[in-house]
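Numbering (our numbering), first residue to last: 22 to 365.
Just so you know, even glycine gets a beta-carbon here, dropped at the ideal spot from N, CA and C.
Below is one structure, written out as C-alpha cells, with a few remarks after it.
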Ligand SMILES: Cc1ncc(COP(=O)(O)O)c(C=O)c1O
C-alpha cells in the first residue's frame, strides 16, 4: 500500500482569487471570488476529503481494500473517489436524486460504487434518508469506515489551516468580509476560526438557502445541490463561528449565476450564486464592511449545465418563468459584472 500521508499532502492545491467589478443600482464595487473549482476535482470538498481521510487514517490506519462509505451531495464524493483508489481503498458513495447525473457518472468512472437514495426526508432534501442508508450499511458491514463529514472536526480544521489563510494572504488588509455557502458548515467553521484568530476585523457571513435548516431557517423546497441542509450544522454557533446568517432565494441565485456567465464567462455552481446574491443584497443596503468582500465559490458550473443553466430543466421544474423574471429584475436594477482582473 502506498504511504497515505504523502498522497494526501499532494492532493492539496492552492486556488486562485479572481477580482471582478460588479455594477448594481448605480454603484460599482470590486469583489473577490475564491475559485475552488480549480481544486483537483473541482470543489472546496477536495480539502475536506484530505482532512477527513487523514483523521480516519490517524485513528486506525487504512489497509488495502478498506471500504469507505459516505453520504454526499456529490462534491465530497468526487474528491473521495479520486483519493481512495490511490491508497488502495474502495469508495461507496450514498447520493440522492439531486446529485447531477454528470457527477454520478464521474463517480462510477473513478471506480466508486454509487447508491442513489430516492426517498425525500420530509425536510426539503434527502440528507436524513442518505444518513439512514449509511447507518444501515455500517451496521451490516462492521469493517466499513465512515468519515462522517457532518460531525468530524477534521473538516473545519483543514479549512482553518488552508482555505482561511489563503484568503487572508490573497487579499491582505483590504479584506472586509467573507461570504461562505453552508451545508455541513465545515468550510465556514474553519474559515471563520482562522479569521477570528488572525483577522477579527473581518466579517464571516453564513450563506444558506431558503428552505434549509443549516443555520436556523425553516424547511422547504430546495433546488440547488451542495448548499443547505435538512438539519442544523453541528459546527456552526453564532456568534462564535459567524457574524450573520443570510437565507438566499434559490431562483435569484440561479439568475445571478446565469448573469455572471453571460457577462464575464465565469460559470459557477449554484451555491456560489447564493454567496454572490447575499453580497449584492448587502451592497444594496450599504452593509459593505468598508473593504473588499470575498465570496467563496465552492464549485464550478459545468456539471450543472443540464440543470441550473438549462431552460429544459427549469421548464421541467416549473420555474423557467421565475428564473427569467429574476434575471430581468436584476438587469433592470443595473446588475452587470465587468472584466476579470488579475488572479492572485
Ligand atoms: C457546491 C457546494 N457549496 C457549498 C458547500 C458547503 O460546504 P460545507 O459542507 O463545508 O458547509 C458544499 C458542500 O458539499 C458544496 O458542494
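Rounded C-alpha distance that separates residue i from residue j
| i | j | result |
| --- | --- | --- |
| residue 264 | residue 23 | 43 Å |
| residue 10 | residue 88 | Only positions 22 to 365 of the chain appear in this structure, which leaves residue 10 out of reach. |
| residue 74 | residue 349 | 45 Å |
| residue 47 | residue 355 | 7 Å |
| residue 62 | residue 238 | 31 Å |
| residue 136 | residue 313 | 42 Å |
| residue 1 | residue 332 | As shown, the chain starts at 22 and ends at 365. That puts residue 1 outside it, with no answer to give. |
| residue 117 | residue 144 | 14 Å |
| residue 102 | residue 115 | 12 Å |
| residue 289 | residue 323 | 8 Å |
| residue 360 | residue 353 | 20 Å |
| residue 43 | residue 295 | 15 Å |
| residue 173 | residue 79 | 13 Å |
| residue 127 | residue 326 | 15 Å |
| residue 399 | residue 272 | Look at the range of the chain in this structure, 22 to 365, and you will see that residue 399 is not part of it. |
| residue 85 | residue 133 | 15 Å |
| residue 58 | residue 178 | 20 Å |
| residue 329 | residue 340 | 11 Å |
| residue 165 | residue 138 | 19 Å |
| residue 215 | residue 185 | 6 Å |
| residue 243 | residue 146 | 7 Å |
| residue 270 | residue 196 | 26 Å |
| residue 357 | residue 153 | 44 Å |
| residue 307 | residue 198 | 13 Å |
| residue 30 | residue 100 | 14 Å |
| residue 175 | residue 129 | 26 Å |
| residue 125 | residue 131 | 10 Å |
| residue 345 | residue 241 | 22 Å |
| residue 81 | residue 337 | 47 Å |
| residue 366 | residue 347 | Residue numbering for the chain in the displayed model covers 22 to 365; residue 366 lies beyond these limits and cannot be assessed. |
Same chain only: Cβ atoms within 7 Å of residue i, ignoring 5 sequence neighbours per side
| i | result |
| --- | --- |
| residue 19 | Outside the displayed range of the chain (22 to 365) lies residue 19, so it cannot be described from this structure. |
| residue 108 | 22, 23, 25, 28 and 83 |
| residue 213 | 225, 262 and 263 |
| residue 105 | 89, 111 and 112 |
| residue 142 | 148, 149, 150 and 251 |
| residue 343 | 272 |
| residue 365 | 37, 38 and 191 |
| residue 299 | 200, 226, 228, 267 and 269 |
Cβ neighbours of residue i in the same chain (closer than 6 Å, five flanking residues each side left out)
| i | result |
| --- | --- |
| residue 301 | 45 |
| residue 227 | 203, 209, 236, 263 and 266 |
| residue 297 | 277 and 316 |
| residue 49 | 42 |
| residue 303 | none |
For residue i, the nearest candidate out of the options (CA to CA)
| i | options | result |
| --- | --- | --- |
| residue 250 | 266, 229 and 260 | 229 |
| residue 310 | 104, 153, 132 and 200 | 200 |
| residue 217 | 182, 241 and 247 | 182 |
| residue 282 | 72, 41 and 267 | 41 |
| residue 248 | 55, 357 and 65 | 65 |
| residue 33 | 170, 327, 54 and 68 | 68 |
| residue 257 | 242, 246, 211 and 305 | 211 |
| residue 220 | 109, 189 and 299 | 189 |
| residue 167 | 177, 176 and 156 | 156 |
| residue 222 | 194, 303, 241 and 91 | 194 |
| residue 245 | 285, 55, 192 and 293 | 293 |
| residue 286 | 91, 39, 315 and 131 | 39 |
| residue 232 | 171, 268, 260 and 56 | 268 |
| residue 284 | 30, 170 and 351 | 351 |
| residue 56 | 129, 308, 307 and 35 | 35 |
| residue 171 | 299, 70 and 60 | 70 |
| residue 319 | 91, 81 and 180 | 180 |
| residue 54 | 347, 321 and 337 | 321 |
Neighbourhood of residue i by C-beta, 8 Å cutoff - its chain only, sequence neighbours within 5 removed
| i | result |
| --- | --- |
| residue 305 | 45 and 46 |
| residue 140 | 147 and 150 |
Residue i Cβ short of 6 Å to ligand 3 heavy atom set
| i | result |
| --- | --- |
| residue 139 | With respect to small molecules bound, the structure shown includes ligand 1 and not ligand 3. |
Test: residue i CB closer than 7 Å to a CB of chain C
| i | result |
| --- | --- |
| residue 86 | In the displayed structure, chain C is absent; only one protein chain is listed. |
- Stretch pair the segment 84-100 + the segment 111-130: three plus CB contacts closer than 8 Å: yes
- Task: Would you mind listing the beta strand (DSSP E) stretches within the segment 258-296 that are 3+ residues and don't spill past its ends, in chain order?
- Result: 265-269
- Message: Using a Cβ distance threshold of 8 Å, determine whether the segment 157-165 contacts the segment 264-277, with at least three qualifying pairs required.
- Response: no
- Message: Three or more C-beta pairs under 8 Å: does that hold for the segment 332-348 against the segment 68-82?
- Response: no
- Item | Start-end ranges of the beta strand (DSSP E) lying completely within the segment 324-364, minimum 3 residues | 357-364
- Task: For the segment 189-218, list the beta strand (DSSP E) runs that are entirely contained and at least 3 residues long, ordered along the chain.
- Result: 196-202
- Which runs of the beta strand (DSSP E) spanning at least 3 residues fall entirely within the segment 122-166, listed in chain order? 134-138
- Task: At 4 residues or longer, and completely inside the segment 220-253: list those alpha helix (DSSP H) runs for me, N to C.
- Result: none
- Write down every uninterrupted run of the beta strand (DSSP E) in the segment 24-64 whose length is 3 residues or greater and which is fully enclosed by it, in chain order. 38-45 and 48-56
- Task: Could you tell me which uninterrupted beta strand (DSSP E) segments, each at least 3 residues in length, are contained entirely in the segment 70-111, listed from first to last along the chain?
- Result: 88-92
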